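Chemist:
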Amino acid sequence: MKFKSKNGSEFFTALIKKVDDHIARKNGNRFGNVYIYLKGIFLIVLYVCSYILLLTINLNSYLSLLLVILMGMTAVMIVFNIVHDASHRVLFKNPAHNRMAAYLGDLVGMNSYIWNIRHNMQHHAFTNVAGGDILIDNIPLMRISPYQKKYAIHKFQVLYVPLLYMVYSIFWVFFLDLNMFFRKSMANHDNIKHSWREWLKLIFFKSFYVFYMIILPAFIIQIPFSHVLISFLVYHIAAGILLSSVVVLGHCVEGADYVSPDESGIIQNSWMQHEWNTTYDCSTDSRMLHWISGGLNTHLAHHLFPKLCHRHYYEVTRIIRQHCLEHHVKYPHYSFGKAIISHFRFLRIQAHAADLSK
Ligand SMILES: [Zn+2]
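With our numbering applied, the sequence shown corresponds to residues -14 to 343, in that order.
(1) Sort out for me which residues DSSP pairs Gly251 with in a bridge.
(2) Determine the closest residue to Gly225 out of Val64, Leu23, Leu126, with distance taken between C-alpha atoms.
(3) Quick one: using the 10 Å Cβ neighbour count with 16 as the cut-off for buried, is Glu248 buried or exposed?
(4) Using a Cβ-Cβ cut-off of 6 Å (strictly less than) and excluding sequence neighbours within five positions of His312, which residues of its own chain qualify?
(5) Could you have a look at His287 and say whether DSSP puts it in helix, strand or coil?
(6) Pull up the distance between the alpha-carbon of Pro246 and that of Ser130, whole angstroms please.
(7) Which residues bound the alpha helix (DSSP H) around Phe65?
(8) Please classify Asp266: does DSSP put it in a helix, a strand, or coil?
(9) Which class does His313 belong to by DSSP, given the choice of helix, strand or coil?
(10) Please state whether DSSP places Tyr153 in a helix, a strand or coil.
(11) Distance check for Ser72 and Asn105, CA to CA, integer angstroms please.
(12) Buried or exposed for Met85, please, with buried defined as at least 16 other CB atoms from any protein chain shown within 10 angstroms of its CB.
(13) Less than 7 Å between the beta carbons of Arg330 and Tyr316, yes or no?
(14) Report the CB separation of Gly17 from Cys294 in whole angstroms; it is logged as a contact under 8 Å.
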């Protein structure tokens, strides 16, 4: 499976030149800086302190639930702000440091090796392409592309999808990663064999996660098991809602293209044009959204220039918007509120779209 070309238009050549010039003015440093590292340390400290407070201090139930929600959201922020950049190898200049930082993802429950295949080799390489982007056929209950098999239940997906988002994080930790390890093929990757090292890491990190999240609080510190279980579920509901909102608002909104390669495996577009057609920005002026999502609200900048640390996206987005104005090209963007409305309209459209799956 491949694209007709990498770039293929004057519009993108000029845009790449502007972004390259911008990075050159920043001393050519594509990687993280002190601010990004301090933010990363702050998020890790917040996660660890929330955990220690929950285990050691007898808080009233409202306060402890708030702390559990904060901890769940912080886990996702660690993934967005540290693990994501590390997996794109742009957090640090040194590749070994990026690999170490990616293990933070394993510590909060997700397998960073599977994430690299799903996110970098599939989602970024073949965004919204049937048979290329594993995100499309991850969850059969949810239809986001006409190239996905259509089931009668999809008619109701607008109603039940919010529930799927609530369980997305727990589903990822306990099912998705394991399922990927047992599969022989993932989208366009066939005959996959995982090394024994990756199997060992999977078993070690998943066991450690269950140990510190459930066994230690319930059976060693002896907090009532029902409290631990409720806290664990609330933690994952908070994490799931934040995780899925950011994931779907970049690609699952009206206007985002979903395509399939032709018989010879060629996608009839340049890669850059394709990324442009499949990705939407969301409230890019919101510094808060940018801070929480690790720049993923400036999703277009990330997909067009994945070799840049997210600290550059805000400025790169400004360049993209200006470039659109100069070339009279529509800038693919929704405000946060409109993106949510559009996402549910998108789900209704996809539920009824003709079945083009083979
Ligand atoms: Zn990415």
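A virtual CB, placed ideally from N, CA and C, is assigned to each residue, including glycine.
These numbers were taken from a predicted model, which means no experiment stands behind them.
Modeler: Straight from the coordinates:
(1) Note that residue 251 corresponds to Ile in the displayed sequence, not to Gly. Note: Ile251 sits in a beta bridge opposite Lys(-13).
(2) Looking at the Cα atoms, Val64 is the closest of the given residues.
(3) Burial is judged here by how many other beta carbons sit within 10 angstroms of a residue's own beta carbon; Glu248 has fewer than 16 and is exposed.
(4) Cβ neighbours of His312 beyond the five flanking positions: Phe(-4).
(5) Three-state result, His287: helix.
(6) Approximately 14 Å between the Cα atoms of the pair.
(7) From DSSP, Phe65 is part of no alpha helix (DSSP H); its letter is neither H nor E.
(8) DSSP places Asp266 in strand when its eight states are reduced to three.
(9) Reduced to three states, the DSSP call for His313 is coil.
(10) Residue state, collapsed to three classes: helix.
(11) Asn105 and Ser72 have their alpha carbons spaced roughly 8 Å apart.
(12) By the neighbour-count criterion, in which a residue is buried when 16 or more other Cβ atoms sit within 10 angstroms of its Cβ, Met85 is exposed.
(13) Taking 7 Å as the cut-off, the Cβ atoms of Arg330 and Tyr316 do not count as close.
(14) Indeed they touch by this definition, with Cβ atoms about 5 Å apart.
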